[in-house]
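Report on the structure given below.
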Amino acid sequence: MVYEHTNSKGKKYYLHARGKLFYFSKDPKDGIDMPKGYIVVENSTTGLPMMKKANK
């Protein structure tokens, strides 16, 4: 299941990974599911989603 995030501007982004690097793209092809222990935050200026480790 591909993780999908809709930002505050209404655009959909899909989670991808290349090794240990996680990034969001508008292309759903080859998307991945959200790994455990992470949350998605959004840049308030640009609306771009970012992953960060969740607090324990």
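Those letters in the sequence shown? Residues 21 to 76, by the numbering used here.
Here a beta-carbon is modelled for each residue, glycine too, at the ideal position from N, C-alpha and C.
The structure presented is a predicted model; accordingly, all values stated were derived computationally and were not measured.
Contact check, residue i vs residue j, beta carbons under 8 angstroms
i: Leu-35; j: Gly-51; result: yes
i: Lys-100; j: Lys-46; result: Any question about residue 100 goes unanswered here, given that the chain covers just 21 to 76.
Exposed unless 16 or more other CB atoms sit within 10 angstroms - verdict on residue i
i: Pro-55; result: exposed
i: Tyr-23; result: buried
i: Pro-69; result: buried
Where residue i sits in the DSSP three-state scheme
i: Lys-73; result: strand
i: Ser-28; result: coil
i: Ile-59; result: strand
i: Ser-45; result: strand
i: Tyr-23; result: coil
i: Leu-35; result: strand
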